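Asker:
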Amino acid sequence: MEYADLVLAGGRIFCGLNEGFVEALAIADGKVLATGTTAEIEALTGEKTRRVDLGGRVAVPGLNDAHMHLLMLGIGMNEINLRPESGVRSLEEIFKRIAQEVAVKPAGEWIRGGGYDHFELSEQRHPTIEELDTIAPDHPVYITRTCGHVGIANSAAMRLANITHDTPSPSGGLIEKRNGKLSGLLAESGMRVVTDKIPPLSRDELKAAITRAAGFMLSQGFTSVMDAAVGMGYGMEELHAYEELASAGELPIRTWVCIYGNHDGIGDQAHAQGFRAKRQTGNLRYGAMKVFSDGSAGGLTAAMSEPYVAGDPNNFGIFCYSDAEMHKSLKHYHELGYQLAIHAIGDAAIEQVLSGIENADSAEHPIKTRRHRIEHCGFLSDGQIERMAKAGIDPVPQPMFIYEFGDLYVANLGEKRAHASYPMRKWVDAGLHPAASSDAPVTSTNPFQNIYTLVTRKTKVGSVIGGDQCLTREEAIHAYTHFGAYTQFAENETGRLVAGMAADIAVLSKDIFTCDVEEIRSDVVCDMTVLDGKVVFERQV
4 MEYADLVLAG GRIFCGLNEG FVEALAIADG KVLATGTTAE IEALTGEKTR
54 RVDLGGRVAV PGLNDAHMHL LMLGIGMNEI NLRPESGVRS LEEIFKRIAQ
104 EVAVKPAGEW IRGGGYDHFE LSEQRHPTIE ELDTIAPDHP VYITRTCGHV
154 GIANSAAMRL ANITHDTPSP SGGLIEKRNG KLSGLLAESG MRVVTDKIPP
204 LSRDELKAAI TRAAGFMLSQ GFTSVMDAAV GMGYGMEELH AYEELASAGE
254 LPIRTWVCIY GNHDGIGDQA HAQGFRAKRQ TGNLRYGAMK VFSDGSAGGL
304 TAAMSEPYVA GDPNNFGIFC YSDAEMHKSL KHYHELGYQL AIHAIGDAAI
354 EQVLSGIENA DSAEHPIKTR RHRIEHCGFL SDGQIERMAK AGIDPVPQPM
404 FIYEFGDLYV ANLGEKRAHA SYPMRKWVDA GLHPAASSDA PVTSTNPFQN
454 IYTLVTRKTK VGSVIGGDQC LTREEAIHAY THFGAYTQFA ENETGRLVAG
504 MAADIAVLSK DIFTCDVEEI RSDVVCDMTV LDGKVVFERQ V
């Protein structure tokens, strides 16, 4: 008789949307051995079995952040934190934090920061190049808005990038001028002109960043993540850093790699070197190819069929590529065997991507079983949802966008479009698999704020955006577990707690299914994380 290595009992255990709840669970050899009543599982315990008393708490399958930037998150942990929840509510606070770095760094050394949201600042605007110059005349400074699609650089950074007041905006990007002079603001491909001049991190530094971010994710109950656009910052070195960690058994979390396939990316190079779909090394699995179609709705750069109501009345957003270029790229990567994971937020960008995937369909390379994905997929029509369902193309949304940016969507796009954004209920009812995610570090990784938004559609100030798109709490966990696994072809391995599947589990501090809904975002935390049957995080109380 096989005895359990680990047993969970004394609380409710959610095994999956169809499986429901059980009283106890047994783990052996890294997999779920059995689920059932306390008495049934007690019969599987031996002298060496570790028992975890849930004490009325609830356990769920390990969470899966189906779209985030793990490496970028880890790098950002060593940069200036400008996110609103860190206390940045004014330009003065941004300048104060930059000045603190100026005081300790030698002249000429880069100063980096990210996460500010101009909509959350008391001044309701971006910093300017002149303001950054005043604080840091002798240091190149580059900070990014929370969406990651807009950055601000000072004159020292602009000089290193050879950007002058006469430099035109690159294709698919913006180098903003006001009254003929640089404002400091860069968007989309315009950002790369500056970021390409920032000294690269070493492979060891990249590995440390991955490890740092992975440990943080484990502490929140995540056992699986997707790193979107690996290679976007440091090229092939990012893949090699991941591969070295995984080969040595030192990658702390299941990571599904999405390769950066833009024209300035590493798609073909990665393919030539054998980094292909479904390759696996330890906790590392290679999946999709990422291409950007547009920007962000908060940054006024997502490509829309109707203009924004804020700012320039003729602004429809930014396309990164022409239709012909995008369609050619999608067909190319589809035929190389990659799953597609294409960034598209505005309805015009979604149309470009959706039609491109449809046009890539052929008898030799059918799209139906490939589980192509549209990342974010924020603003779309019912007709587009129907076409996605027909082609087996899944959306990978970020409910946290509603929580953090929902009120900004109303300001930028008007109530009608804002309330129709990220339609989780429509997607689920259409038979799609909308895998919940954070897009961190664009938003917080906090899964409980994300789950709160899935079930309430409330922003952080309490506005309800699209209240008819709420999910039940069970559906919300399903979206954060099984749907993520499905979009990564791992639904028979992770995402549910069923005998024979991986013992990936998150133990939560409260019963998230029965507590007051407001407690989900404010009081619930992860107390324990189990990966492959091993306790990899335990909160110290």
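Numbering-wise (my numbering), the sequence shown opens with residue 4 and increments by one.
A virtual CB, placed ideally from N, CA and C, is assigned to each residue, including glycine.
Everything numeric in this text was worked out from a predicted model, so none of it was measured.
Let me check one thing: in DSSP terms, what residues is residue 227 bridge-paired to?
Answerer: Paired residue(s): 67, 257.
Asker: Nearest-angstrom Cα distance between residue 107 and residue 139?
Answerer: Roughly 12 Å separates the two Cα atoms.
Asker: Which same chain residues end up closer than 7 Å to residue 384 when comparing Cβ atoms and leaving out the 5 residues on each side of it in sequence?
Answerer: Contacts found: 350.
Asker: Report buried or exposed for residue 288, applying the criterion of at least 16 other Cβ atoms within 10 angstroms of its Cβ.
Answerer: Label assigned to residue 288: buried.
Asker: Under 6 Å Cβ to Cβ from residue 222, same chain only, skipping five residues before and after it: list those, please.
Answerer: Closer than 6 Å at the Cβ level, and outside the excluded window around residue 222, lie 540.
Asker: Could you work out which residue in 333, 354, 352, 344 is closest to residue 368 when comparing CA atoms only?
Answerer: Comparing Cα-Cα distances from residue 368 to each of 333, 354, 352, 344, the minimum goes to 333.
Asker: To the nearest angstrom, how far is the alpha carbon of residue 28 from that of residue 542?
Answerer: For residue 28 and residue 542, the distance between alpha carbons rounds to 20 Å.
Asker: Once DSSP output is grouped into helix, strand and coil, what is the label at residue 288?
Answerer: The answer is strand: DSSP assigns residue 288 an E or B state.
Asker: Taking Cβ positions, are residue 65 and residue 508 nearer each other than 8 Å?
Answerer: Yes, they are a contact pair.
Asker: So what does DSSP say about residue 536, is it helix, strand or coil?
Answerer: Residue 536: coil per DSSP, three-state reduction.
Asker: Identify, in the order they occur along the chain, each residue of the same chain with its Cβ nearer than 6 Å to the Cβ of residue 245, setting aside the five sequence neighbours on each side.
Answerer: Here the set comprises 287.
Asker: Please name the residue, chosen from 181, 346, 174, that lies closest to residue 167 on a Cα-to-Cα basis.
Answerer: Residue 181 is the option with its Cα nearest to residue 167.
Asker: Using only CA atoms, which one of 165, 440, 177 lies nearest to residue 321?
Answerer: Selected option, being the one with the closest Cα: 177.
Asker: Would DSSP call residue 509 helix, strand or coil?
Answerer: Residue state, collapsed to three classes: strand.
Asker: Going by the DSSP bridge assignment, what does residue 359 pair with across the sheet?
Answerer: Note: residue 359 sits in no beta bridge, so no partner.
Asker: Quick check for students: name the residue ranges of the alpha helix (DSSP H) that lie wholly in the stretch 454-503, counting only runs of 4 or more.
Answerer: You should have 476-483, 485-490.
Asker: Are the CB atoms of residue 376 and residue 348 within a distance shorter than 8 Å?
Answerer: No, the pair does not count as a contact, with Cβ atoms beyond the cut-off.
Asker: Could you give the distance in angstroms between the alpha-carbon of residue 206 and the alpha-carbon of residue 364?
Answerer: Their backbone Cα atoms lie some 38 Å apart in a straight line.
Asker: Under 8 Å, do residue 468 and residue 421 count as touching if we go by C-beta distance?
Answerer: Cβ distance < 8 Å, so residue 468 and residue 421 count as in contact.
Asker: When the distance is taken between beta carbons, is residue 429 closer than 8 Å to residue 472?
Answerer: In this structure, residue 429 lies closer than 8 Å to residue 472 by Cβ.
Asker: Does the Cβ-Cβ distance between residue 394 and residue 361 come in under 8 Å?
Answerer: A contact, by the Cβ cut-off of 8 Å.
Asker: Could you spell out where the beta strand (DSSP E) holding residue 155 opens and where it closes?
Answerer: Here the beta strand (DSSP E) through residue 155 covers 153-156.
Asker: Compute the distance between the beta-carbons of residue 297 and residue 291, then report whether it is under 8 Å.
Answerer: Against a cut-off of 8 Å, the Cβ pair of residue 291 and residue 297 comes out as no contact.
Asker: Which residues in the same chain as residue 104 place their Cβ atom closer than 7 Å to its Cβ, once the five residues preceding and following it in sequence are excluded?
Answerer: Counting only Cβ-Cβ distances below 7 Å, and skipping sequence neighbours, we find 83, 114.
Asker: Is residue 187 near residue 132, with beta carbons less than 8 Å apart?
Answerer: In this structure, residue 132 lies closer than 8 Å to residue 187 by Cβ.
Asker: Does DSSP put residue 324 in a helix, a strand or coil?
Answerer: Reduced to three states, the DSSP call for residue 324 is coil.
Asker: Please state whether DSSP places residue 17 in a helix, a strand or coil.
Answerer: Here residue 17 sits in strand by DSSP.
Asker: Going by CA-CA distance only, name the one from 51, 339, 16, 174 that's closest to residue 37.
Answerer: Looking at the Cα atoms, 16 is the closest of the given residues.
Asker: Output the boundary residues of the alpha helix (DSSP H) element that contains residue 79.
Answerer: 73-79 is the span of the alpha helix (DSSP H), which, as asked, contains residue 79.
Asker: Could you tell me whether the stretch 152-172 touches the stretch 265-279, using the rule of 3 or more Cβ pairs below 8 Å?
Answerer: Result no; under three Cβ-Cβ pairs closer than 8 Å.
Asker: Please say whether residue 121 and residue 232 have beta carbons closer to each other than 8 Å?
Answerer: The answer is no: Cβ separation not under 8 Å.
Asker: Could you pull out every residue in the same chain whose Cβ sits closer than 6 Å to the Cβ of residue 192, ignoring the five residues on either side in sequence?
Answerer: Here the set comprises 173, 175, 176.
Asker: Excluding the 5 residues preceding and the 5 following residue 209 in the sequence, name in chain order all residues of the same chain whose CB lies nearer than 7 Å to its CB.
Answerer: Excluding residues within five positions, the ones whose Cβ falls inside 7 Å are 74, 237, 240, 241, 244.
Asker: For residue 253, which option in 503, 215, 197 has the closest C-alpha, if you only look at C-alpha atoms?
Answerer: Residue 215 is the option with its Cα nearest to residue 253.
Asker: Out of 10, 250, 327, 344, state which residue places its alpha-carbon closest to the alpha-carbon of residue 280.
Answerer: Out of 10, 250, 327, 344, 344 has the C-alpha closest to the C-alpha of residue 280.
Asker: Which residues bound the beta strand (DSSP E) around residue 138?
Answerer: Run containing residue 138: none in the beta strand (DSSP E); it sits in the alpha helix (DSSP H), 132-138.
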